[in-house]
Structure formats: C-alpha cells, structure tokens
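Student: The structure that follows is given in the form of structure tokens.
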Amino acid sequence: MAEGRPRVVIAGAGFGGLACARELDGEPVDVILLNQHNFHLFSPLLYQVATGLLNPSDIGYPLRTVFRHSPNVRFRQATVTGVDLVGKVVKLDSGPPMSYDYLVLATGSTDNYFGNEQVARVSLGLKTLEDATRLRNHVLTCLERADAEPDPDARRRLLTFVMVGGGPTGVESSGALSELMHIVAGKDYHQISRTETRVILIEGTDRLLNAFSARLGRYARRVLERRGVEVLTGALVKSANSHSVTLADGTEIACATIIWSAGVRPNDPIGESPVPRFRNARIQVDAWLRIPGASGAYGIGDAASPRIGDRELPMLSPPAMQAGRYVARSIVDDVRRLKVERQPFHYVDKGTMATIGRNAGVTHLPGGLEFTGFLGWLTWLFVHIYYLIGFRNRLSALGSWAWDYIRHDRPIRIILAAGPEPK
Numbered sequence: 034m035a036e037g038r039p040r041v042v043i044a045g046a047g048f049g050g051l052a053c054a055r056e057l058d059g060e061p062v063d064v065i066l067l068n069q070h071n072f073h074l075f076s077p078l079l080y081q082v083a084t085g086l087l088n089p090s091d092i093g094y095p096l097r098t099v100f101r102h103s104p105n106v107r108f109r110q111a112t113v114t115g116v117d118l119v120g121k122v123v124k125l126d127s128g129p130p131m132s133y134d135y136l137v138l139a140t141g142s143t144d145n146y147f148g149n150e151q152v153a154r155v156s157l158g159l160k161t162l163e164d165a166t167r168l169r170n171h172v173l174t175c176l177e178r179a180d181a182e183p184d185p186d187a188r189r190r191l192l193t194f195v196m197v198g199g200g201p202t203g204v205e206s207s208g209a210l211s212e213l214m215h216i217v218a219g220k221d222y223h224q225i226s227r228t229e230t231r232v233i234l235i236e237g238t239d240r241l242l243n244a245f246s247a248r249l250g251r252y253a254r255r256v257l258e259r260r261g262v263e264v265l266t267g268a269l270v271k272s273a274n275s276h277s278v279t280l281a282d283g284t285e286i287a288c289a290t291i292i293w294s295a296g297v298r299p300n301d302p303i304g305e306s307p308v309p310r311f312r313n314a315r316i317q318v319d320a321w322l323r324i325p326g327a328s329g330a331y332g333i334g335d336a337a338s339p340r341i342g343d344r345e346l347p348m349l350s351p352p353a354m355q356a357g358r359y360v361a362r363s364i365v366d367d368v369r370r371l372k373v374e375r376q377p378f379h380y381v382d383k384g385t386m387a388t389i390g391r392n393a394g395v396t397h398l399p400g401g402l403e404f405t406g407f408l409g410w411l412t413w414l415f416v417h418i419y420y421l422i423g424f425r426n427r428l429s430a431l432g433s434w435a436w437d438y439i440r441h442d443r444p445i446r447i448i449l450a451a452g453p454e455p456k
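In the numbering used here, the protein residues as written are 34 to 456.
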C-alpha cells in the first residue's frame, strides 16, 4: 500500500461491505476490510446448510482469495468492538486501535428476541455458518434419538420442529425441513414414519411473507400446508423451554427444536455515540448515507438506513450492495476532489423472491409483476447462483441441487458434533 494515501476502513464483509471493497479496488485509497470471519457468507442459503442440501464451504468464500490480486485492498480478521467517531479510530478485539480517514460501517445484524431471554436461551438461530451447522447437527441428532426412543411422548417431542417467524427465512427453512423429513423418514430411519414428524411454522401476524403481496403469502401457505407444514398465523410465542413452546393464547407445543427467525436487530459497535437511530436501534444516516456529526463515516446495510418518508431501507442484500457501491464512489469523488454534486442515494428495487421447495417459489418484480410455482422457483435458483461468489461454489451448489432434484436425496447428513441435549 502506498504512503500518504487516505485509509478506508470497512467494518464488515457482508453484501454491503464486500460490494464497497470491490468498488474501491484499484482506486487511489488504501482499504482495510475487517470481518469477524475470514470468509464472505452467502447468508440467503444458510437454511440449505442446516437441512443437509449444501456443505458449509459452498456458501462461504475466503476473503483473501477475493482480493488476492488487489493492489490496495487488504483483509484483516478482527471484530470491531467500538468506534470513536470523533477521533476517527476503530477499536478491535485484537491488536491496537486502527485510525481511518473514511469509515464504512457495514456490521450487519443479529437475531432479535425482543427481550425474551428465555426464548433466546433455548432456541436455535440461523444467522451464521455456525448456527446452520449447529442446527443441522441438532436435527439429525433428534432423528437418531427418536429412531431408538421407546417412549411415545419423548419420541413425539424429538420429531416436532417449531419454526418461529413467517418471513422468507422461516418459509424457506420450514419448507426445506419438511422436504428433509419426507426424504429420510422410513427410508433411512426405518422406525420413523413421515406421519410422526411435525414441522410447525408460527407467525405473529395474520399472514406469511409480509414483505410480499397478500396473494403470494396465501400461495406460500397453501404450498407449505400441502407439503405437511402446520402453519399458525396470528400466534405469538410467550415462553419456551427445552421441552416446549407456549403461545400467547396458552397453547403448549411439545418439541425439542425451536428455530428463531422472527426478527433481527443491527450489530452496534458505536454504542452510546449520540447519533440518530430508528426504533429498532438502526443508525439513521442522511440521504448520502453519511453518519450525522461524524466526518468521513458512512453506514450501510442492516446497520444503517436513511429515512425514506416514514420508512427505512429493507434489511436485504440488494439495498446493501447498492449502498456499498454508492459509498465507494462518494469516497473516490471526495479523494479526487471532484467538484460534482452527488445525488442522494436511491435504492432501485429489482424485486424480491423466496423458494418454498421443489418447483415452488414466489417472485415479485417492480411494476406489480408476480409469478409463482416452477417459474418463481427457477428465477430464484438462477438469481442465487449468479450472486454466489466463486466458480467452485456455484458448480458445487448446482451439483447438489441437481442431485437432490433427480435423486430426491440429501447426502450431507454427517453429524459433526452432538446436538443440544433435549431435556
């Protein structure tokens, strides 16, 4: 890296942070990309790792490989523990603090349990590769124990899987989990019949997929129920333990598995810094994605959003990537002293989609164009392959999907560690 050039520190290598770093590749700045893990995670496919369809390495790509030939981008594995926005210093969990000329805060989000610590202790999340591997181990361990369990009540509890949250993650995960049960019950686990397994999807509002139209939400519900998923809408989780989930209306569901996908909150390395925030603690940046009162600091992705009327940007990968590229160009313009009037950030909505399982997907495009079924599923497949990083990862994912589609089999069913002990 050259002496005297401005230093850009990017905190987080998710979709937004990676897009920003790539856009700055070859520009007259020195870029330090910080990330807790040494890989970029393609998080939309975490549920496929959790249900035995993909290997963890299929959705993680080494960041040092991404920037192997970059003259000005360097990666450092570290966790940001704090930021001094006035002194322009980033504090790390290892090593000395790091100064910056420009900061891009792209630290992502984590599960939000809305203060319910009881649920947080006993449920399994799906935000990291560790979460997905842990969930896969746990599900397979439950099947192994149920296969040998003589007590009918204990067996029933081991074979009941509760998913909380009816957004895209909850819908996709419950659909994939139901498919896994159809594949292995009776075939690999001879003492377990498909009718014994239960996959229950709980949503607090009156329908699934609230980010989509009501029609697509109804379609998703029909498909899930047709495939054996029990869908409970208008149901709120009151409490939970390792034996059961209790709903607000008093209904108790005996289960050994609770998967949480009912909300996220931003990771917040700036703590008590006096910056404006939304109600969910997300940093409220200005129309140019700058953190108010912090010179040279920007916020993107799940960590921050400008106010758009009475709304904020959705916590999805497309707005994060667009914001990352926008901030990179803003920094380059500033470094080059270009006297251009930069337009405020404008998110271009290219559509949203979700898959419910084999031959069933939902897609919403700008202008109100919607389609479901095989076409929706095929669209989802090609879009996700396109954005998956690395030729080997794309080839491996395609191969796994083709094998599953043709053979109706999930070969990745190795228990790497014991799942949480159902009590």
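Virtual Cβ for every residue (Gly too), placed ideally from N, Cα, C.
#1: Once DSSP output is grouped into helix, strand and coil, what is the label at residue 293?
#2: So the candidates are 93, 65, 43 and 55; which of them puts its Cα closest to the Cα of residue 423?
#3: Residue 339 and residue 318 - do their beta-carbons sit closer together than 7 Å?
#4: What did DSSP end up calling residue 198 once you bin it into helix, strand or coil?
#5: Please name the residue in 104, 350, 379 and 216 whose C-alpha comes closest to that of residue 391.
#6: Would you say residue 164 reaches chain D, if we count a Cβ-Cβ gap shorter than 7 Å as a contact?
#7: Please state the DSSP three-state secondary structure of residue 72.
#8: Hey, how far is the Cα of residue 352 from the Cα of residue 79?
#9: Could you check how far apart the C-beta atoms of residue 287 and residue 279 are, in whole angstroms? I think they sit under 8 Å.
#10: So, for residue 231: in the same chain, excluding its five sequence neighbours on each side, which residues have a beta-carbon less than 6 Å away from its beta-carbon?
#11: Would residue 443 and residue 173 be called neighbours here (beta carbons separated by less than 7 Å)?
#12: What's the C-alpha gap between residue 189 and residue 154?
#13: Please state the DSSP three-state secondary structure of residue 111.
#14: Could you compute how far the alpha carbon of residue 360 sits from the alpha carbon of residue 370?
#15: Looking at the secondary structure, which residues open and close the beta strand (DSSP E) in which residue 403 lies?
#16: Let's test the definition: count the other Cβ atoms within 10 Å of the Cβ of residue 200 and tell me whether it reaches 16, buried, or not, exposed.
#17: Under the DSSP definition of a beta bridge, which residues are partnered with residue 165?
#18: Nearest CA to the CA of residue 39: which residue from 314, 407, 436 and 364?
Tutor: On the basis of the data shown:
#1: strand
#2: 93
#3: Contact flag set, yes.
#4: coil
#5: 216
#6: The structure shown contains no chain D, having only a single protein chain.
#7: When secondary structure is reduced to three states using DSSP, residue 72 falls in the strand class.
#8: The straight-line gap separating the alpha-carbon atoms of residue 352 and residue 79 is approximately 20 Å.
#9: With 8 Å as the limit, residue 287 and residue 279 do not qualify as a contact, their Cβ atoms being about 10 Å apart.
#10: Apart from the 5 residues on each side of it in sequence, residue 231 sits with its Cβ closer than 6 Å to the Cβ of 193 in its chain, given in chain order.
#11: no
#12: 22 Å
#13: Three-state DSSP puts residue 111 in coil, outside helix and strand.
#14: 15 Å
#15: 402 to 405
#16: buried
#17: Partner(s): none; residue 165 has no beta bridge.
#18: That would be 364, whose Cα lies nearest to the Cα of residue 39.
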